[in-house]
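Notes follow the structure.
Chains as they are written, first to last, in our numbering: chain H, 1 to 527; chain P, 528 to 784.
Below you can see the structure in the form of structure tokens.
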């Protein structure tokens with residue numbers, strides 16, 4: 001006779017096994033480990049602390065004078081605005097047309113010119129800089145940074161139309177000479193200025209149309225010449241060292257004709273202040289007039305200000321990102337490796353046999369926690385650091401609110417993605433030391449090698465911040481690269497080869513790949 | 528002596544340390560080869576330090592070395608082995624000294640292989656890229672005093688990095704936090720220094736930085752322009768390592784395991 005004994009069944013109902021429960025379980029694991037919470041808060045404090053430290057220690061001293069602040073352009077960014085202006089007031093609509101017959105130049109290969117009594121141009125060599133400019137311009141006023149539109153011939157980039165410092169459109173190619181002159185025309189109609197070029201003065205081509213909102217009724221129009229200084233980038237180890245000296249550009253014009261209400265009287269020559277060399281500005285710039293023929297010599301540049309040297313104020317305020325990043329990486333790796341070390345992973349996987357979902361829940365909790373902490377820290381660090389930098393006399397780069405928001409949110413996202421990257425590598429390796437080393441060597445080391453001068457050959461550094469996870473730091477880039485300005489655009493100068501979001505996408509791709517591999521390994525391996 | 532033997536057995540019988548040190552040597556040499564190949568110098572104008580270029584791999588190799596050294600200590604804590612070790616050898620200073628000797632010696636051996644391979648590969652590759660005596664550069668040969676100093680110094684540098692990591696691990700015990708601290712110490716100093724505008728501060732940070740100062744030993748050109756002499760620079764790293772070992776030893780001595 002046999003009796004069957006019913007096996008024990010718990011009276012409790014089946015627990016739910018939704019994703020929300022998993023998230024809650026992982027959140028409980030995170031917040032109940034005191035060390036991780038402390039590390040997280042320490043990371044936030046260090047980000048703010050370093051902003052205070054760099055802000056308080058970056059004292060801008062320029063003798064007894066205030067540190068020079070570049071003028072601000074109509075679109076908000078810093079600009080270079082110095083050239084020699086041969087002008088007349090233009091009231092209302094009108095146009096100006098000239099023929100350019102030559103663009104010549106002088107340059108010096110070293111800063112500072114021969115001072116000993118001689119002419120400042122005595123030891124300068126003949127030669128035109130690639131972005132030397134001579135042409136016609138209509139500008140709101142003679143104040144630096146005011147709105148403008150200009151048609152010009154350049155050293156090696158053909159005819160260009162440029163307006164409001166950042167805009168650039170190409171016209172006829174080739175260099176200008178007496179045999180092949182260039183005709184330039186600017187026409188103002190209300191707020192719209194159109195630029196035309198021609199090789200014969202008969203057939204005209206529209207190069208560009210500038211809409212300058214709020215352009216004053218009476219503007220200044222005329223001829224100008226400017227040239228950035230001579231620079232030579234030596235491709236040495238330690239990135240690129242820029243050497244150079246001042247330069248001078250001279251444009252020869254004739255067939256000047258004007259339509260609209262221009263005064264009959266002659267031209268006024270004015271050096272729009274800010275020439276690269278004081279001696280040059282005093283004696284070599286200027287204009288001569290002989291009949292219909294005008295010759296204008298000038299130095300300086302009309303362009304967005306780039307390569308001002310050194311990191312921007314936002315980058316300084318975010319100096320602590322790297323310390324924060326290392327702490328987040330350590331937390332991210334331990335979030336999984338601690339489970340392996342303690343054997344908790346077996347309980348976790350018993351409670352939730354769908355292993356991919358466990359990893360997803362961990363990633364979501366970790367990303368959320370690190371993003372929010374990072375965002376709070378960055379939101380305090382940027383204004384605080386900039387305030388201290390301002391107090392210490394440092395010029396603060398004017399930045400559109402959207403860019404500032406991108407840098408703040410992007411930095412927080414950078415921390416979160418790096419933490420998830422560490423979590424994935426930790427799942428793959430199951431050892432915290434290996435995971436932390438791999439992730440730091442993948443993110444922080446390439447950035448360090450690329451940005452510290454004197455380590456890598458030029459070229460290798462650009463490649464590093466393009467391919468490795470360190471590309472993600474492009475999200476912090478605050479200044480744009482302009483083809484119409486010759487400058488040292490290297491990672492050490494704060495310029496990344498990839499656009500901000502593209503660079504961030506590279507980091508995300510690495511993280512996604514690691515996460516997929518980790519999910520695969522977690523499913524296939526015994527815990 | 529027995530303690531040394533015990534520590535050597537621990538290192539020898541686990542697959543990790545040996546494989547990782549080999550990986551460190553291979554990574555160092557490979558990065559050095561890539562860097563030496565990437566040098567493009569059209570004229571004679573560029574200031575290339577041939578020894579430094581061939582030894583670029585050290586920036587990556589040191590991370591692996593630090594990891595090996597950290598796990599030599601924190602691995603014992605995570606498995607509980609440390610209690611057995613300390614029961615067998617109650618003199619705790621002696622345990623740390625034996626660990627330092629074994630890890631240091633293993634690192635020096637791997638480092639010597641890595642550095643020699645890097646310098647030899649560099650001398651061949653750089654000569655092919657026009658960085659040779661014919662173009663006014665010092666030949667990259669071990670017979671040259673500065674190159675010999677860079678070579679021996681870099682091997683010592685790796686050994687000191689291992690000791691620094693060992694000391695930090697003895698202080699912190701958890702491997703993730705310890706390796707994070709060591710790599711932070713190495714990599715963050717130069718990044719923060721590059722953001723400091725004040726040249727005086729920058730110089731002080733460079734002089735204090737274990738990595739920047741320690742790697743002055745690799746300089747063979749423009750040595751006089753450095754904030755410290757090469758050996759003083761290595762001394763800075765040695766001071767960091769000694770400080771970490773001392774603090775780690777004191778904590779090991781007075782703390783429950």
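Here a beta-carbon is modelled for each residue, glycine too, at the ideal position from N, C-alpha and C.
Predicted model, so just to flag it, every value in this text is computed and none were measured.
Taking C-alpha positions only, residue 197(H) is separated from residue 99(H) by approximately 10 Å. Proximity to residue 305(H) across 93(H), 286(H), 72(H) peaks at 72(H), based on C-alpha coordinates. The region 703-723 of chain P makes contact with the region 683-694 of chain P, as at least three CB pairs between them are under 8 Å. Contact note: residue 440(H) reaches chain P through 590, 706, 707, 710, 711, 714, using a C-beta cutoff of 9 Å and chain order. It is roughly 53 Å from the alpha-carbon of residue 295(H) to the alpha-carbon of residue 746(P). Look at the region 480-507 of chain H: the residues with a C-beta under 9 Å from a C-beta of chain P are 492. Spanning the alpha carbons of residue 751(P) and residue 677(P) requires a straight line of approximately 15 Å. When DSSP states are grouped into helix, strand and coil, residue 477(H) belongs to the coil group. In this model, residue 486(H) and residue 598(P) are separated by some 49 Å (Cα to Cα).
One finds 590, 591, 593, 594, 706, 710 in chain P with Cβ atoms closer than 8 Å to the Cβ of residue 437(H), taken in chain order. Contact holds between the region 127-143 of chain H and the region 208-223 of chain H, because three or more Cβ pairs, one in each stretch, are under 8 Å apart.
Here residue 206(H) carries a strand assignment [DSSP, helix/strand/coil]. Rounded to whole angstroms, the gap between the alpha carbons of residue 90(H) and residue 501(H) is 44 Å. Within the DSSP secondary-structure output, residue 84(H) pairs in a beta bridge with 225(H), 271(H). For chain P, none of the residues of the region 402-422 of chain H brings a beta carbon within less than 8 Å of one of its beta carbons. In terms of Cβ geometry, residue 289(H) and residue 267(H) form a close pair [threshold 8 Å]. Taking all protein chains shown into account, residue 203(H) has fewer than 16 neighbouring C-beta atoms within 10 Å of its C-beta and is therefore exposed. By the CB criterion at 8 Å, residue 107(H) and residue 247(H) fall inside the cutoff.
The Cβ atoms of residue 490(H) and residue 723(P) do not sit closer than 8 Å to each other.
Taking a C-beta cut-off of 9 Å against chain P, the contacting residues of the region 334-354 of chain H are 334, 337, 338, 341, listed in chain order. For residue 601(P), the residues of chain H that pass the 8 Å Cβ criterion are 433, in the order they occur in the chain. If the five residues before and after residue 594(P) are omitted, its C-beta is found closer than 7 Å to the C-beta atoms of 547, 706, all from its own chain and listed in chain order. Residue pairing by DSSP puts residue 126(H) in a beta bridge opposite 106(H). Against chain P, a Cβ distance below 8 Å from residue 456(H) picks out 562, 565, 583. In terms of beta-carbon proximity, residue 326(H) lines the interface with chain P, with at least one pair separated by less than 8 Å.
C-alpha of residue 395(H) to C-alpha of residue 164(H): approximately 22 Å in a straight line. In the structure shown, residue 751(P) adopts helical secondary structure according to DSSP, grouped into three states. Nearest to residue 768(P) by C-alpha distance, out of 735(P), 640(P), 608(P), 780(P), is 735(P). Judged by DSSP in its simplified three-state form, residue 161(H) adopts strand. Contact annotation: in the region 687-706 of chain P, residues whose CB is within less than 8 Å of a CB in chain H are 701, 702, 703, 704, 705, 706.
The beta carbons of residue 374(H) and residue 415(H) sit closer together than 8 Å. Contact of residue 399(H) with chain P by beta-carbon distance below 7 Å is absent, the smallest such distance being about 18 Å. Close to chain H, meaning a Cβ-Cβ distance shorter than 8 Å, are the following residues of the region 717-731 of chain P: 717, 718, 719, 721, 722, 723, 724, 725, 728. Around the beta carbon of residue 526(H), fewer than 16 other beta carbons sit within 10 angstroms, so the residue counts as exposed.
In the DSSP assignment, residue 594(P) falls outside any beta strand (DSSP E) and lies within the alpha helix (DSSP H) extending over 585-606.
The CB of residue 452(H) comes closer than 7 Å to the CB of 717, 721 in chain P, given here in chain order.
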